[in-house]
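The next block holds one structure in the form of C-alpha cells; read it before the comments.
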Amino acid sequence: MTNPSYDADVLVVGAGPVGLTLALDLARRDVRVRVVDRAPSAFLGSRAKGIQPRTLEVFDDLGIVDEAIAAGGEYPPMGVHLGPLTIPWRMYRHQNPTPPTPYPNVLLLPQSRTAHILRRALERHQVAVEFGTEVREVYQDEHGATAVLASGPQLRARYLVGADGGASAVRKSSDLRFEGTTDDTDKMIIADATIDGLSRDRWHVWRRTAGFVGACPLPHSSQFQVMIRLRPEENPDLSEPALAARFRDLVGGTITLRDVTWVSIFRPNVRLVEQYRRGRILVCGDAAHVHTPAGAQGLNTGVQDAYNLGWKLGQVLAGASDTLLDSYGGERRPVAAQVLGRSSELYEGLRRPRASKFTRSEEDRQLTISYHGGPLAPADSPRTTTLRVGDRAPDGPISGPATRLFDLYRGPHFTLLGFGERAAMALPMVSWPDRGAGLTRYAVPEDGGPDGVLAQTYGITEDTQLLIRPDGYIAHIDTGDWAASLAFSTRDLAPANQEQPG
Numbered sequence: 085m086t087n088p089s090y091d092a093d094v095l096v097v098g099a100g101p102v103g104l105t106l107a108l109d110l111a112r113r114d115v116r117v118r119v120v121d122r123a124p125s126a127f128l129g130s131r132a133k134g135i136q137p138r139t140l141e142v143f144d145d146l147g148i149v150d151e152a153i154a155a156g157g158e159y160p161p162m163g164v165h166l167g168p169l170t171i172p173w174r175m176y177r178h179q180n181p182t183p184p185t186p187y188p189n190v191l192l193l194p195q196s197r198t199a200h201i202l203r204r205a206l207e208r209h210q211v212a213v214e215f216g217t218e219v220r221e222v223y224q225d226e227h228g229a230t231a232v233l234a235s236g237p238q239l240r241a242r243y244l245v246g247a248d249g250g251a252s253a254v255r256k257s258s259d260l261r262f263e264g265t266t267d268d269t270d271k272m273i274i275a276d277a278t279i280d281g282l283s284r285d286r287w288h289v290w291r292r293t294a295g296f297v298g299a300c301p302l303p304h305s306s307q308f309q310v311m312i313r314l315r316p317e318e319n320p321d322l323s324e325p326a327l328a329a330r331f332r333d334l335v336g337g338t339i340t341l342r343d344v345t346w347v348s349i350f351r352p353n354v355r356l357v358e359q360y361r362r363g364r365i366l367v368c369g370d371a372a373h374v375h376t377p378a379g380a381q382g383l384n385t386g387v388q389d390a391y392n393l394g395w396k397l398g399q400v401l402a403g404a405s406d407t408l409l410d411s412y413g414g415e416r417r418p419v420a421a422q423v424l425g426r427s428s429e430l431y432e433g434l435r436r437p438r439a440s441k442f443t444r445s446e447e448d449r450q451l452t453i454s455y456h457g458g459p460l461a462p463a464d465s466p467r468t469t470t471l472r473v474g475d476r477a478p479d480g481p482i483s484g485p486a487t488r489l490f491d492l493y494r495g496p497h498f499t500l501l502g503f504g505e506r507a508a509m510a511l512p513m514v515s516w517p518d519r520g521a522g523l524t525r526y527a528v529p530e531d532g533g534p535d536g537v538l539a540q541t542y543g544i545t546e547d548t549q550l551l552i553r554p555d556g557y558i559a560h561i562d563t564g565d566w567a568a569s570l571a572f573s574t575r576d577l578a579p580a581n582q583e584q585p586g
C-alpha cells in the first residue's frame, strides 16, 4: 500500500477521541495514517465525559478498556437541591456484568483523559499527532484527496477523513450541507474547577430562577465539571473571580469555586450532515453530527462512526470494492439521526430540572444499535431466534486459551463461528482472501459453550455458521451450504485475490 506520491494512505484531520479512534484502528491494520490537528497541543478539558457501554466494547477491541476503566469512575448519584431539601436520584441504574454484556454501566471519564489514552495507544504504533497543523481546505480527484495547510504546504492521501468538529473545515470545503439549527439564545458555561465545601459523593444540581446550575465530581481529582445556564443574550465574564462570585451567588452557603483550568460557552447545536462521504473525502463525529450534551451521546456516536469506518477503509485499501465505503453513511447516518432526537429530548429536562428528567434509558447505552435493514444487512437475511444480520454480536464464555468471545473478536479481523458438528467441520473449507482483514475460525462445542450460554445467547437451534464483522456486528448467518453462501454474502466486504489495491 506504500506509494511515494502519497503522504499517507489516510489523512485524519482532527485529533479528538473520534479521529484518534479511527487512526488507531487503521494503524493496527498496517494502514499508513497521519493525524493532524490545528490546536497547538492536546485539549485539557472534561467536556464530553460519559463513555457508554458500547463504546467500552470498542475500547476492549482496541486494547485500551482496562486503562480507560482505571482512569475513570462510576457516575455518582444525583442530588437535586430544592431549598433546604436534597432529592437523591440515580441517573444511571447500576447493572451487574453478564456473559453477553461485560460492560453494562456508563463510565465517567473526562474527554481529555479519553484522548490521552487513545494517543498513547496510537503512539505504540509509531504514529504521533501533528499538532499545530491547520487544514484550510481540501479538494480531491479520482486518485486521492489533498489538504491545503495554513502554513502553505499540501498533504496528499488516498482518502481524507474530517474528524475536525462542528466547525469542520473538511466538511465546509467539501460543500457538504450541515442541516439543522443553532440556538444562540440558549447558552451554558461549562468549566473545570475545584470547589471547596461541596461533597464529592453526588452530582449536584440546583434549580434557580436565573438558570440551571450543576457540579459533577470528576474521578481521581479534586475537580468538578461545573455547568451554569445563561440568560438569553448574556455575554458573561469568564474570568476566575467572576465565575467564583457567580457560582457563590447562585448556590449560596460557604461554597467556594477556585482553580479553574478550563472554561467554555456551549450552544446547543442540533445538526446532521447530508451525506457522510463525497468521493475520497469522508466525515465523522461532530463534523457529521452535533448534539446537545445531554445523555452522553455525541462522543460515543462519533467513536462508533470511526469504528464503523476503520475496517471498511482498510478493506478498500487492500483491494475491496470502493462501494463498501458507501455503506458507512448508509449505516451510521440513521443512527446519528436517532441519537439527535434522543439527546434533544433529554436536554429539554435541563430547562425545567426535575429528578425524573435525568433518568437514562436502555437505548442510551447504545448496545441495541443495529444495522439490520441497512446496505450490508438486508431485511430478508436469515436470522436465529435472538439475532439478525446487522445486530451487535454479544460476548460469552468459550473454552481454550481465550475465555470469552470478545477475546476471540479482538483485533482487525473477521470471525467465523461454527455451531454444531456439521457447521464446525465445514469451517476449514471456507476460503478467505489472503489480503485485507483475516479470518479467525472457531468451532463452538456441541454443548453450546460453557453451560450452553453461547447457544442460548446467539439463539442457535440447528447447525449454524455466523460471520462477525471486525466492528463486532453480525455480517452473515447461514444454516445450509456454508462455503458457497458465505462467499456470496461477503463478496463486497473483502478483496478478491486477483484484484490489486487501488
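Take any residue in the sequence shown, note its place counting from 1, add 84, and you have its number in the working numbering. Note that CB positions come from ideal geometry on N, CA and C, so glycine has one too. Note that this is a predicted model, so its numbers are computed, not measured.
First and last residue of the beta strand (DSSP E) that includes Ile365? Annotation: the continuous beta strand (DSSP E) that includes Ile365 extends over 365 to 367.
Integer Cβ distance of Leu128 from Thr345, believed to fall under 8 angstroms: About 7 angstroms separates the CB atoms of Leu128 and Thr345; that is less than 8 angstroms, so the two are in contact.
I need the boundaries of the alpha helix (DSSP H) containing His200, first residue and last residue. Taken as a continuous stretch (DSSP letters only), the alpha helix (DSSP H) holding His200 covers 195 to 207.
Just list the residues that DSSP pairs Ile544 with in beta bridges. BP columns for Ile544 are empty, so no partner.
Please name the residue, chosen from Pro517, Asp267, Thr170, Gly382, that lies closest to Val79 on a Cα-to-Cα basis. Nothing can be reported for residue 79, as the shown portion of the chain is limited to 85 through 586.
Take the Cβ of Ala329 as the centre, count every other Cβ of all protein chains shown within 10 Å, and call the residue buried at 16 or more, exposed below. Ala329 comes out exposed.
Give the range of the beta strand (DSSP E) segment to which Gln307 is assigned. Note, Gln307: beta strand (DSSP E), 307 to 313.
Using 8 angstroms as the Cβ pair cut-off and three pairs as the minimum, do the stretch 361 to 381 and the stretch 403 to 412 touch? Short answer: they touch.
According to DSSP, simplified to helix, strand and coil, what is Arg601? The displayed coordinates of the chain run from 85 to 586. Any statement about residue 601 would go beyond what the structure contains.
Which residues does DSSP list as the beta-bridge partners of Val276? Looking at the sequence shown, residue 276 is not Val but Asp. Beta-bridge pairing links Asp276 to Gln309, Trp346.
Check Ile339 in the structure and name its three-state DSSP category. Look at Ile339 here: in three-state DSSP terms it is coil, with no helix or strand label.
Pick from Trp395, Asp333, Ile453 that is closest to Arg416, judged by C-alpha positions: The option with the nearest alpha carbon to Arg416 is Ile453.
Is the stretch 234 to 254 in contact with the stretch 100 to 108, if contact means three or more CB pairs nearer than 8 angstroms? Yes, the stretch 234 to 254 is in contact with the stretch 100 to 108.
Can you find the residues in the same chain that come closer than 7 angstroms, C-beta to C-beta, to Leu424, ignoring five residues on each side of it along the sequence? Val354, Leu356, His373, His375.
DSSP on Ala126, reduced to helix/strand/coil? Ala126 falls in the coil class under three-state DSSP.
By a C-beta neighbour count over all protein chains shown, 10 Å radius and 16 as the cutoff for buried, is Ser125 buried or exposed? Its Cβ having fewer than 16 others within 10 Å, Ser125 is exposed.
Proximity of Leu95 and Gly398 at Cβ, strictly below 8 angstroms: In terms of Cβ geometry, Leu95 and Gly398 do not form a close pair [threshold 8 angstroms].
Same chain, Cβ closer than 6 angstroms to Asp280, five either side skipped, listed in chain order: The residues Thr340, in chain order, have a CB closer than 6 angstroms to that of Asp280 in the same chain once the five nearest residues on each side in sequence are set aside.
At a Cβ threshold of 8 angstroms, is Trp290 touching chain D? Going by chain labels, chain D is absent from the structure shown, which holds only one protein chain.
Which residue or residues does DSSP assign as beta-bridge partners of Thr499? Paired residues: Thr524, Ile552.
C-alpha distance - Ala439 paired with Val297, whole-angstrom precision: The predicted model places Ala439 with a pLDDT of 48, which falls under 50 and marks its position as unreliable; any figure quoted below should be read in that light. If you take the alpha carbons of Ala439 and Val297, they lie about 14 angstroms apart.
Straight-line Cα distance separating Phe503 from Glu530: One C-alpha to the other measures close to 7 angstroms.
Whether Val120 touches Glu214 by CB criterion (8 angstroms): The Cβ atoms of Val120 and Glu214 sit closer than 8 angstroms to each other.
For Gln549 and Arg488, the rounded distance between their alpha carbons: Taking the Cα positions, Arg488 is about 18 angstroms away from Gln549.
Nearest-angstrom beta carbon gap, Gly474 and Tyr557 [assumed within contact, 8 angstroms]: Contact holds; Cβ gap of about 6 angstroms.
Can you tell me the Cβ-Cβ gap for Val142 and Tyr391, rounded? I've got them flagged as a contact below 8 angstroms. Contact flag correct, Cβ pair sits at about 5 angstroms.
Would you identify the three-state DSSP class for Pro418, choosing helix, strand or coil? If DSSP states are grouped into helix, strand and coil, Pro418 belongs with the helices.
Could you give the C-beta distance for Val190 and Tyr159, rounded to a whole number, given that I count them as a contact under 8 angstroms? Rounded, the Cβ-Cβ distance is 6 angstroms, consistent with contact.
Got a sec, what are the start and stop residues for the beta strand (DSSP E) Ala229 sits in? First-last of the beta strand (DSSP E) with Ala229: 228 to 233.
Within 10 angstroms of its Cβ, does Arg197 collect 16 or more other Cβ (buried), or is it exposed? With 16 or more other Cβ atoms within 10 Å, it is buried.
So is Ser515 buried or exposed if we call it buried at 16+ other beta carbons inside 10 Å? Around the Cβ of Ser515, a 10 Å sphere holds fewer than 16 other Cβ atoms; the residue is exposed.
What separation, rounded to the nearest whole angstrom, lies between the Cα atoms of Thr217 and Ala231? If you take the alpha carbons of Thr217 and Ala231, they lie about 11 angstroms apart.
On a Cα-Cα basis, can you pick out the residue from Leu551, Thr105, Ala92, Asp333 that is closest to Val387? That would be Thr105, whose Cα lies nearest to the Cα of Val387.
Let me check understanding here. Comparing Cα to Cα, which of Gly484, Leu551, Ala299, Leu366 lies closest to Lys133? It is Ala299.
Grab me the residues of Gly520's own chain with a C-beta within less than 8 angstroms of its C-beta, minus the 5 sequence neighbours each way, in chain order. Non-local beta-carbon contacts of Gly520 in its own chain, meaning distances under 8 angstroms to residues more than five positions away in sequence, involve Gly398, Gln399, Ala402, Gly403, Ala404, Ala578, Pro579 in chain order.
With respect to the beta strand (DSSP E) encompassing Tyr223, which residues constitute its N-terminal and C-terminal limits? Taken as a continuous stretch (DSSP letters only), the beta strand (DSSP E) holding Tyr223 covers 219 to 225.
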